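Single-structure report; data block below.
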Amino acid sequence: MIVTRSMTAFARHEEQTELGSLSWEIRSVNHRYLEVSFRLEESFRPFEMAMRKLISDTLSRGKVEVALRYRVPEQAQNALQMNVDLAKTVMENYQQLASFTDNAAPIDILRVMQWPGVIQTESLDQDALQATVLNSLKHALDDLVATREREGAALEQMIIQRCEQINDIAEQTKIRLPDILASHRQKLSDRIAELEVSLEPERLEQEMVLLAQKADVAEEIDRLQNHVNEVKHTLKRNEPIGRRLDFLMQELNREANTLGSKSIDTDTTRYSVDLKVLIEQMREQIQNIE
């Protein structure tokens with residue numbers, strides 16, 4: 001299925017597994033390339049490379065922030081074991097040091113329990129845990145992509161609507177051009193009459209030919225409509241299209257500028273301004289397209 005994706009999205013996914021509870025939050029915003037950052041417990045750092053690959057296989061652009069909260073299985077929490085010998089050693093060493101001063105604080109049992117190795121938990125199978133984490137991350141990414149596609153569908157409709165408006169302006173310009181030239185010819189004739197200047201018909205015709213050449217925007221209109229058609233075609237590509245659309249916006253803007261520079265009346269000037277507004281509206285939204 002061919003869809004347009006936005007780079008701006010958010011997904012939250014929670015999953016209960018045999019190896020624990022996994023809670024994901026993924027945020028993405030527009031970016032020229034794919035940039036991924038993680039907020040993970042240190043115990044999950046060995047899985048980071050595999051997680052990055054899964055994300056890069058799913059997304060092509062965007063600044064992506066991934067956060068994972070993990071809770072060990074309840075049975076593992078109930079299976080805590082204490083290394084009594086180590087706890088005794090820690091306490092004995094503390095008492096020995098405390099004998100060297102008169103201001104020693106009493107032993108904090110909680111601090112003793114937090115000493116590395118005093119409390120032991122059931123060790124989880126790391127390969128199985130990695131497979132579980134990656135599978136859960138895939139589900140979270142699926143949610144993110146679904147959000148990106150919904151946002152992208154709205155952007156696509158907006159772009160198509162603007163393309164239709166640009167086509168309408170191009171057609172109006174084509175229709176108005178003969179009337180514009182005729183009106184300008186009449187104004188020139190009236191001005192010559194007011195000044196009581198004698199001008200040979202051949203010379204007047206030469207001036208009108210030069211004016212028509214200067215005001216001829218047929219090529220610009222054709223290119224404008226070709227670019228609009230290419231935008232619509234690009235929206236149907238089954239691949240990331242953001243950069244290509246951005247390039248097409250530059251081409252459309254170039255033709256709109258040329259149309260404005262060749263304007264000889266207020267209508268074509270207004271058409272040029274309207275085109276630039278529509279193109280800028282598309283350009284701003286295209287920055288969010290993957």
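In UniProt numbering, the protein residues as written are 1 to 290.
All residues carry an ideal CB built from backbone N, CA and C; glycine is no exception.
From a predicted model like this one, the values you see are computed outputs, not experimental measurements.
Judged by beta-carbon spacing, Leu-259 lies beyond the 9 Å limit of Ile-166, meaning their Cβ atoms are not closer than that value. Residue pairing from DSSP places Lys-63 in a beta bridge opposite Val-29 and Glu-35. With the rule of 3 Cβ pairs closer than 8 Å, the region 88-96 does not count as touching the region 268-283. In this structure, DSSP gives Gln-287 a state outside helix and strand, which the three-state scheme calls coil. With distances taken between CA atoms, Glu-251 lies nearest to Val-231 out of Val-231, Ser-261 and Ile-241. With contacts defined by Cβ atoms closer than 9 Å, Val-3 and Val-36 do not form a contacting pair. The three-state reading of DSSP puts Ala-104 in coil, since its state is none of H, G, I, E or B.
By the neighbour-count criterion, in which 16 or more other beta carbons inside 10 Å mark a residue as buried, Asn-288 falls on the buried side.
Note: His-13 is bridge-paired with Trp-24 in the DSSP secondary-structure output. From the listed residues Tyr-70, Lys-236, Ala-11 and Arg-254, the smallest Cα separation to Glu-219 is found for Arg-254. In this structure, His-31 and Arg-61 form a Cβ contact; the two beta carbons are roughly 6 Å apart against a cut-off of 8 Å.
From the listed residues Ser-136, Asn-103, Val-217 and Ala-105, the smallest Cα separation to Ala-50 is found for Ser-136. Bridge pairing for Ser-6: Ile-289 [DSSP]. For Phe-247, the enclosing alpha helix (DSSP H) begins and ends at 242-261.
Residue state for Leu-235 is assigned as coil, using DSSP reduced to three classes.
Taking a cut-off of 8 Å on C-beta distances, the region 161-181 touches the region 274-281, as three or more cross pairs fall below it. Three or more pairs of CB atoms, one per stretch, sit closer than 8 Å, so the region 129-149 contacts the region 6-24. Cβ neighbours of Val-118 within its own chain (closer than 6 Å, five residues either side excluded): Asn-83, Leu-86 and Ala-87. Residue range 48-58 is occupied by the alpha helix (DSSP H) that includes Ile-55. For a cut-off of 8 Å, the C-beta gap from Leu-54 to Leu-129 is around 15 Å, too long to register as a contact. Leu-40 sits in coil when the DSSP states are folded into three classes, being neither helix nor strand. Each residue's CA atom was taken as its position, placing Val-228 and Arg-150 some 23 Å apart. When the beta-carbon positions are compared, Ala-11 and Ala-146 come within less than 9 Å of each other. Of the residues assessed, Thr-8 falls on the buried side of the cut-off, its CB having 16 or more other CB atoms within 10 angstroms. Our two residues, Glu-48 and Arg-5, have alpha carbons roughly 25 Å apart in a direct line. By the neighbour-count definition (other C-beta atoms within 10 Å, threshold 16), Met-113 is an exposed residue.
As DSSP reads the structure, Tyr-70 sits in a beta bridge with Leu-22. The straight-line gap separating the alpha-carbon atoms of Met-158 and Ser-28 is approximately 21 Å. Distances from the CA of Val-64 to each of Arg-45, Asp-57 and Leu-34 were compared; the closest alpha carbon is that of Leu-34. Ile-109: member of the alpha helix (DSSP H) spanning 109-113, first to last residue. Minimum Cα-Cα distance from Asp-127 among the listed residues Ala-170, Phe-44 and Lys-236 corresponds to Phe-44.
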